[in-house]
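Numbering (this note's numbering), first residue to last: 942 to 1573.
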């Protein structure tokens, strides 16, 4: 219909435009027809006298210029008729003026008739134009609303903010949420890296992002290397964080290398399973080794000692880098790094439970358990299901998922994630991380809100609001479809697809409900997570393949019995990841540890704060002494 309207409009515009070009030219020049021109001159003498209000104000309108001006306007508007609505309105006004003049001059009807016809045609063209205009505007509005709807869908039912023990932007957050002016260490630099370090015949390369800050460097000073992890690297770490304080003290040159397949470091054209075979901790360690070698050459760093820093997964990499490349790295500070790979990481929620139990005002753990039990009961009844839809702001009605154990597992795992994320980052010193154990337990213990399940719903709403999400998306198939997106422009390219791949091939680390009497029921066992591997990446990513990959990881790196030196292992007691790391120094002091009571994931890596626990302040002092010992 819109196409037909457009054709009619163009045809009518061209015909009317040609007519007014003709009549306008006839009013100006006798070139086409002297007879017609003479006739028009004669009639315009009468029309000039009948010009509106000419007699009232005793105005004499020169007929020659009146005729020529009308003709010029008709020529101009006739030429513009096809493309613009304004000429249509102008010509319509001229036709009404002509009709008035002819009537006042007592012209016969045969002269008024054509004028009336062209008035009708111009009105018709105007109607068709505005019909087409409204149709186009409606289409633009539809497209705009559709875009907004898609954006809202991504926001409302977007990627889980905390999944598999990982925040959407990686486990190590920004050291500050304030905008930093560009300066030393803020510029994106690029390094030509090998795609595959273990196939000499593969000569493919790609550009890996890194940062450098030489503001505090003193000649022959140490080289500090911040290892990028399962999220985008940020130049903020080149200006803030505890390691920058250490750099000032020891006169260090600071580098940060972004992990392959994260942030802007794209080794391949997309995130297909075929391409993800180049994503592994071993390749990442080789990237670091090759980077160190090339930086030594570029900056003529001959006798400088390299110290690696990392938190969370990069904390593991920092320890393994010293283990695998001791000739390149003199020492490492490994914070919150898991060393033991395992499929069933049930200990995670044991630590979550223990951390919630530190809340003293009431028995927070029992309240959470009661709430989860009440959710389970409500799921069994239609009225209860509707209550859950409303209270927990579910994106999709739960009634349709009652017989789908995967959706139910995802629901409970999501509720568990609300608390896990809070515990893992509780008071970790990063800016903009306000939700704490005190906040969630304060709600769970507040009887004025209602029964435990209602309080749990309030916690869920608070977490959704904190993460700018308007509803709780628990649908398993929707999650899998998101995870199958291989584009670098997709939401999961922020790290979700890549990190999940690493868990499915190297680490496991699945925070399950397999241990009896855990907080969040028993609906998300290890099989639930292994199935995700299969559904996302293919049938070959099954339990046997994962189990073999985990065995290989523990054999390569030594799990909780690493044979390495010059690595300081740091963990916080609140952080659930400490269950897979070293927390006690062995008898021969070869693997020194710092276990900080009351602190969470990577807390010691952020800027010192006047509210730091005494144990955290002591840990910072111990880290400085350890670095000092490494360098002397």
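We put the CB at the ideal spot given by N, CA and C, even for glycine. All figures in this text were calculated on a predicted structure; none of them were measured in a lab.
What are the start and end residues of the beta strand (DSSP E) that includes residue i?
i: residue 1285; result: 1283 to 1285
i: residue 1448; result: Unbroken run through residue 1448: none, as it is neither H nor E.
i: residue 1475; result: Not the beta strand (DSSP E): residue 1475 falls in the alpha helix (DSSP H), residues 1467 to 1478.
i: residue 1508; result: 1508 to 1513
i: residue 1249; result: 1247 to 1252
i: residue 1167; result: 1164 to 1168
i: residue 1427; result: First-last for residue 1427: undefined, no H or E at that position.
i: residue 1147; result: 1146 to 1154
i: residue 1536; result: 1534 to 1537
Following the continuous alpha helix (DSSP H) through residue i, name the residue where it begins and the one where it ends.
i: residue 1385; result: 1378 to 1385
i: residue 1490; result: 1484 to 1498
i: residue 1307; result: 1305 to 1319
i: residue 1328; result: 1323 to 1332
i: residue 1274; result: Where residue 1274 is concerned, there is no enclosing alpha helix (DSSP H), although the beta strand (DSSP E) it sits in stretches over 1272 to 1276.
i: residue 1567; result: 1555 to 1572
i: residue 1351; result: 1346 to 1365
i: residue 1401; result: 1393 to 1407
i: residue 1132; result: Counting along the chain, residue 1132 falls outside any alpha helix (DSSP H), though it belongs to the beta strand (DSSP E) covering 1130 to 1135.
Taking the alpha-carbon of residue i as reference, which of the options has the nearest alpha-carbon?
i: residue 1428; options: 1211, 972 and 1190; result: 1211
i: residue 1274; options: 1166, 1221 and 1297; result: 1166
i: residue 1419; options: 1497, 1348 and 1260; result: 1348
i: residue 1294; options: 1395, 1204, 1011 and 1462; result: 1462
i: residue 1209; options: 1305, 1402, 1134 and 1141; result: 1134
i: residue 1546; options: 1017, 1494, 1517 and 1168; result: 1168
i: residue 1441; options: 1193, 1213 and 1455; result: 1213
i: residue 1162; options: 1127, 1314 and 1242; result: 1242
i: residue 1202; options: 1430, 1473 and 1551; result: 1430
i: residue 1253; options: 1277, 1263, 976 and 1232; result: 1277
i: residue 1439; options: 1207, 1137, 1518 and 1155; result: 1207
i: residue 914; options: 1228, 1272 and 1556; result: Since the first residue of the chain shown is 942 and the last is 1573, residue 914 is not available in this structure.
i: residue 901; options: 1200, 1231 and 1230; result: Nothing in the structure corresponds to residue 901, since the chain is present only between 942 and 1573.
i: residue 1437; options: 1173, 1008 and 983; result: 1173
Check the C-beta distance from residue i over to residue j and give it rounded, since I have them as a contact under 8 angstroms.
i: residue 1013; j: residue 973; result: Not quite, the Cβ-Cβ distance comes to about 16 angstroms (not below 8 angstroms), so this is no contact.
i: residue 1394; j: residue 1359; result: Not confirmed; about 14 angstroms, so no contact.
i: residue 1514; j: residue 1538; result: 5 angstroms
i: residue 1460; j: residue 1310; result: 6 angstroms
i: residue 1283; j: residue 1449; result: 5 angstroms
i: residue 1549; j: residue 1183; result: 7 angstroms
i: residue 1421; j: residue 1388; result: The pair is not a contact, with the Cβ atoms about 39 angstroms apart (cut-off 8 angstroms).
i: residue 1540; j: residue 1557; result: 5 angstroms
i: residue 1465; j: residue 1286; result: The pair is not a contact, with the Cβ atoms about 12 angstroms apart (cut-off 8 angstroms).
By how many angstroms is the C-alpha of residue j removed from the C-alpha of residue i?
i: residue 1368; j: residue 1234; result: 38 angstroms
i: residue 1553; j: residue 1257; result: 25 angstroms
i: residue 1344; j: residue 1307; result: 28 angstroms
i: residue 1196; j: residue 1153; result: 5 angstroms
i: residue 1236; j: residue 1198; result: 11 angstroms
i: residue 1383; j: residue 1487; result: 40 angstroms
i: residue 1290; j: residue 1240; result: 46 angstroms
i: residue 1270; j: residue 1247; result: 5 angstroms
i: residue 1205; j: residue 1150; result: 7 angstroms
i: residue 1301; j: residue 1543; result: 24 angstroms
i: residue 1297; j: residue 1380; result: 11 angstroms
i: residue 1145; j: residue 1219; result: 12 angstroms
i: residue 1361; j: residue 1510; result: 23 angstroms
i: residue 1482; j: residue 1402; result: 35 angstroms
i: residue 1255; j: residue 1280; result: 11 angstroms
i: residue 1328; j: residue 1335; result: 10 angstroms
i: residue 1494; j: residue 1447; result: 6 angstroms
i: residue 908; j: residue 1477; result: Residue 908 lies beyond the residue range present for the chain, which begins at 942 and ends at 1573; the question has no answer from this structure.
Taking buried to mean at least 16 other C-beta atoms within 10 Å of its own C-beta, is residue i buried or exposed?
i: residue 1351; result: buried
i: residue 1506; result: exposed
i: residue 1268; result: exposed
i: residue 1244; result: exposed
i: residue 1342; result: buried
i: residue 1566; result: exposed
i: residue 1363; result: buried
i: residue 1131; result: exposed
i: residue 1570; result: exposed
i: residue 1181; result: buried
i: residue 1190; result: exposed
i: residue 1318; result: exposed
i: residue 1148; result: exposed
i: residue 1091; result: With a pLDDT of only 40 at residue 1091, under 50, the local geometry of the prediction cannot be trusted, and no value is derived from it.
i: residue 1435; result: buried
i: residue 1371; result: buried
i: residue 1492; result: exposed
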